[in-house]
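Please read the structure below before turning to the comments.
Residue numbers (the working numbering): 1 to 521.
Printed below as a string of structure tokens:
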């Protein structure tokens, strides 16, 4: 048995230490990559156990990787060093304090975005950014470590933009609190007290420590929502419309699909899923008239209206009054019409908003194909040019893509008033891994075609994906969940690189915290 496991078993309860081979295999992979097997999985229940664990690992020189919900695909929680230990933070999932008077909530970082939202909603509040589409599993700590977008991002930005204070166990086993909580006698009510230490630990992918608590701001739930859907004949007009909608801060969510990806999403849906999601829409309507109206409207529109659509864009807008959201929707119509957009029924964004944290069945293709997204965040002015640069990579590899039946699509979104997100997506026939089978709904998994493993297919996807990432780096794109997949240290200017290396050395002098992530040793 690994020496560190023996040491930990003397320090911590054995029930939080797993060495079962099946569990080890499950926790040693992400959505895309099989990593080296970790020596054990430890599920601490409190801060003291995290500190004891880190100190034992430091004494033994044992590397640590930290995992939240496990929904990422950039090797962020995969080991790179032998005999690494994985910390599963999901048992630390308590909501510590909801302070309605001072408008903040403190949670343990293993809390899922769905659990947090559902705890806050009855009180009439939520966090400004309130999670990813995978928020049924994805955790607050994972979202802050990797950074993430979706719910609320159109106006409020990323997860890392919306955190006031963090409690972090460093590679020395010390507990650091940030923001106003770094003071001796203050609550975690604001992010800023001198230099922004909260921002330092956000988006670090676990390189600087293990986040154990987070304090997030609270805002009122929306009093009104409006929804729009538009079809465009090409990507350029849609990108320009989305950029203008973003500049005018008209939506909390604005996203679009290319023809291939939207057909994938339509094929994934079933009549049973439609009925289940429709019930969510009906519940979201406050009046009986509204319930009947939306139920009939969505049932009549069905999904056939998407059959001949090329590029499709969807928006969800929030406001305090119906007049405010009606104004937002009308302005969106003006912008889209000016770019040649054709309005569609609003059932897709309406259903999505009513069912924000659905199953993660979208982590595979409609027929059971493997799925891999990559992405880049670029300024609005660069969206069309960077999309064209990505397309040139596909053109260069047409024969390789065809050889392994690799299909490509795009998800496009906007963040705050400045950012266009381009997310190229790959689908290819290949065997699913243990994480897929663990995460998908069992009845959905049973309906899928179970492809056999295809030799060299993963390597082909990896080759094209890596070249897309190279293009994005040359174009100056930024990234979420950098992990071990995107360029970070090599992309930095020398002064910034020296600073982050110095900070890493100070907080983790023995280099045990997720070595290799962000390109840091």
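From the three backbone atoms N, C-alpha and C, an ideal C-beta is built for every residue, glycine too.
How is the alpha helix (DSSP H) around residue 21 delimited, first residue to last? 21-27 is the extent of the alpha helix (DSSP H) around residue 21.
Report the option in 431, 380, 262 whose CA atom is closest to the CA atom of residue 410. Between residue 410 and the set 431, 380, 262, the nearest pair of CA atoms involves 262.
Would residue 185 be called buried (16 or more neighbouring beta carbons within 10 Å of its own) or exposed? Classification of residue 185: exposed, given that the 10 Å Cβ count is below 16.
Expressed to the nearest angstrom, what Euclidean distance is found between the alpha-carbon atoms of residue 113 and residue 139? The alpha-carbon atoms of residue 113 and residue 139 are separated by roughly 6 Å.
Counting along the chain, where does the beta strand (DSSP E) carrying residue 245 start and finish? Premise fails: residue 245 lies in the alpha helix (DSSP H), 235-247, not in any beta strand (DSSP E).
Any idea what DSSP makes of residue 195, helix, strand or coil? Coil, per DSSP.
If you draw a straight line from the C-alpha of residue 271 to the C-alpha of residue 439, how long is it? Low confidence applies to residue 271: its pLDDT is 40, below 50, so where it sits in the model is not reliable enough to give any reading.
Does residue 486 pass the burial test, meaning 16 or more other C-beta atoms within 10 Å, or should it be called exposed? Buried: at least 16 other Cβ atoms inside 10 Å.
Measuring CB to CB, does residue 504 end up less than 8 Å from residue 74? Contact check for residue 504 against residue 74 fails: the beta carbons are separated by 8 Å or more.
Closer than 8 Å is the cut-off here; do at least three beta carbon pairs connect the stretch 469-476 with the stretch 378-396? Three or more pairs of CB atoms, one per stretch, sit closer than 8 Å, so the stretch 469-476 contacts the stretch 378-396.
Among the residues of its own chain, which have a CB less than 6 Å from the CB of residue 376, if the five just before and after it don't count? For residue 376, same chain residues with a beta-carbon under 6 Å away, outside a window of 5 residues either side, are 422, 472, 477 in chain order.
If I measure Cβ to Cβ from residue 334 and keep anything under 8 Å in the same chain, skipping five residues before and after, which residues do I get? The beta carbon of residue 334 is closer than 8 Å to none in its chain, skipping five residues each way along the sequence.
At which residues does the beta strand (DSSP E) containing residue 217 begin and terminate? From DSSP, the beta strand (DSSP E) with residue 217 extends over 210-217.
Determine the contact status of residue 350 and residue 430, defining contact as a CB-CB distance below 8 Å. No.
Whose CA, out of 402, 134, 405, lies closest to the CA of residue 363? In terms of CA proximity to residue 363, 134 leads the group 402, 134, 405.
Measuring alpha carbon to alpha carbon, tell me which residue in 448, 450, 44 is nearest residue 94. Between residue 94 and the set 448, 450, 44, the nearest pair of CA atoms involves 44.
Classify residue 66 as helix, strand or coil using the three-state DSSP reduction. Three-state result, residue 66: strand.
From residue 101 to residue 218, what distance separates their C-alpha atoms? Looking at the two C-alpha atoms, the distance is approximately 10 Å.
Length of the line joining the Cα atoms of residue 79 and residue 209: Spanning the alpha carbons of residue 79 and residue 209 requires a straight line of approximately 15 Å.
In terms of alpha-carbon separation, which member of 443, 345, 426 lies closest to residue 31? Among 443, 345, 426, the Cα nearest to that of residue 31 belongs to 426.
Please report the distance separating the alpha-carbon of residue 149 from that of residue 2. Straight-line measurement puts the Cα of residue 2 at about 38 Å from the Cα of residue 149.
Quick one: measure Cβ to Cβ for residue 151 and residue 253, integer angstroms, because I've assumed they're closer than 8 Å. Their Cβ separation, rounded to whole angstroms, is 7 Å, which keeps residue 151 and residue 253 in contact under 8 Å.
Given this structure, state the Cα-to-Cα distance separating residue 457 from residue 398, to the nearest angstrom. Using only the alpha carbons, I get a separation of about 14 Å.
Note down, in chain order, each residue of its chain lying with its Cβ closer than 8 Å to the Cβ of residue 120, except the 5 sequence neighbours on either side. For residue 120, where only same-chain residues beyond five positions count, the Cβ hits under 8 Å are 98, 105, 126, 127, 218.
Rounded to a whole number of angstroms, what is the C-alpha to C-alpha distance between residue 188 and residue 460? Taking the straight line from one Cα to the other gives about 47 Å.
Assuming residue 129 and residue 109 form a contact by the criterion Cβ under 8 Å, report the distance between their Cβ atoms to the nearest whole angstrom. The distance from the Cβ of residue 129 to that of residue 109 is about 15 Å, inconsistent with a contact at the 8 Å cut-off.
Where does residue 486 sit, in a helix, a strand or coil, going by DSSP? DSSP places residue 486 in coil when its eight states are reduced to three.
Rounded C-alpha distance that separates residue 520 from residue 207: About 8 Å.
Inter-residue Cα distance where the pair is residue 244 and residue 341: Whole-angstrom Cα-Cα distance: 13 Å.
Of all the options 227, 256, 251, 250, which has the alpha carbon lying nearest to the alpha carbon of residue 238? Minimum Cα distance to residue 238 is reached at 256.
Boundaries of the beta strand (DSSP E) in which residue 400 is found, first to last residue: Premise fails: residue 400 lies in the alpha helix (DSSP H), 398-403, not in any beta strand (DSSP E).
Chain-order list of residues whose beta-carbon lies under 7 Å from that of residue 511 (same chain, five-residue window excluded): Cβ within range, chain order: 521.
Own chain, CB closer than 6 Å to residue 37, minus 5 neighbours either side, in chain order: Listed in chain order, the non-local C-beta contacts of residue 37 below 6 Å within the same chain comprise 24, 28, local neighbours out to five positions each way being set aside.
Nearest to residue 312 by CA position, among 446, 242, 417, is which residue? Looking only at 446, 242, 417, the smallest Cα-Cα distance to residue 312 is reached by 242.
Please state whether the Cβ-Cβ distance between residue 18 and residue 40 is less than 8 Å. Note that the C-beta distance between residue 18 and residue 40 is below 8 Å.
Hey, quick one: how far does the alpha helix (DSSP H) through residue 354 stretch, first residue to last? In the DSSP annotation of this structure, the continuous segment of the alpha helix (DSSP H) that includes residue 354 starts and ends at 347-354.
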